[in-house]
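The structure under discussion appears below in the form of structure tokens.
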Ligand SMILES: C[S@@+](CC[C@H](N)C(=O)[O-])C[C@H]1O[C@@H](n2cnc3c(N)ncnc32)[C@H](O)[C@@H]1O
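Residue numbers (the numbering used here): 4 to 263.
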């Protein structure tokens, strides 16, 4: 596979019992598109609370290198617009072409606050491990829902904590050592639910922490760490953070809603 990742670590990324759809994808392919914890596991889990049907038009917001957009097109037969800010559209488009979904997935370079789309042009908006970068301002949900048709669905998986940093009074040291102030955007489920519901623009249809999210994240970091010395160095702080945390604070928040 050319990545130098050990078979053992990659094998750990196939978990057919828990994530049967994700396990159909080559772990080496997925690790090669790494930008954060296993995005297919997060999406497969989140999608259990969404009603995605063939032919729907779906925005994958913060789609990164495109693994989730490939998954959406293949697994649910939807038409995907893959919008991302850091990754050039040509790079994502090459991933889609190689995966054989170029006819169903369009790559767009877009900043989440100035989206180049018509109002009410999507049946669903999905965002995996990206909302924490742009979606916590009070005005963001009201801005974003304008792109959903009435009744359209929103689904987000984002790093979340079991307690608000504000309530703790500080970012726990083992988390601060790795992600610094960024952890103030890792809100609790209760925070997200209130933030969305108080707008009266959406009905929250589910809000839960991913079961054993920190262990999934750890498996992923360990597999990525085996890509080589640089990857090992980059991933070790994350491994240490998760090991020390043991699920006390760190998780992933999965939240879905429908536009009224
Ligand atoms: C941790 S990566 C996750 C990428 C992908 N969803 C995945 O899980 O592999 C976060 C993504 O959020 C995107 N992002 C961050 N800030 C953004 C913004 N202001 N507008 C659009 N995308 C943004 C980045 O470009 C990046 O690809």
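Just so it is clear, CB atoms sit at the ideal spot from N, CA and C, and this is done for glycine as well.
| query | result |
| --- | --- |
| With DSSP as the reference, label residue 191 as helix, strand or coil. | coil |
| Label residue 169 either buried or exposed according to how many other C-beta atoms from any shown protein chain fall within 10 Å of its C-beta, with 16 as the threshold for buried. | exposed |
| Would you mind stating whether residue 158 and residue 192 have Cβ atoms separated by less than 8 Å? | no |
| Just mark residue 236 as buried or exposed, buried being the case when its beta carbon has 16 or more other beta carbons within 10 Å. | exposed |
| I'd like to know whether the C-beta atoms of residue 125 and residue 18 end up nearer to each other than 8 Å. | no |
| Compute the distance between the beta-carbons of residue 156 and residue 127, then report whether it is under 8 Å. | yes |
| 8 Å is my cut-off, CB to CB: does residue 213 come that close to chain D? | Looking for chain D here will not work: only one protein chain is present. |
| Do residue 78 and residue 107 have their CB atoms nearer than 8 Å? | no |
| State the DSSP-derived secondary structure class of residue 60, mapped to helix, strand or coil. | strand |
| Terminal residues of the continuous beta strand (DSSP E) containing residue 66? | No beta strand (DSSP E) holds residue 66; DSSP gives it neither H nor E. |
| Under a Cβ-count criterion, where at least 16 other Cβ atoms within 10 Å of its own Cβ denotes burial, should residue 210 be classed as buried or exposed? | buried |
| If you follow the alpha helix (DSSP H) that residue 92 is in, where does it begin and where does it stop? | 92–101 |
| Determine the contact status of residue 178 and residue 188, defining contact as a CB-CB distance below 8 Å. | no |
| Could you compute how far the alpha carbon of residue 166 sits from the alpha carbon of residue 217? | 15 Å |
| Tell me whether residue 209 sits in a helix, a strand or coil according to DSSP, three-state version. | strand |
| Between which two residues does the beta strand (DSSP E) holding residue 161 run? | 151–164 |
| Nearest to residue 190 by alpha carbon, out of 160, 261 and 180? | 160 |
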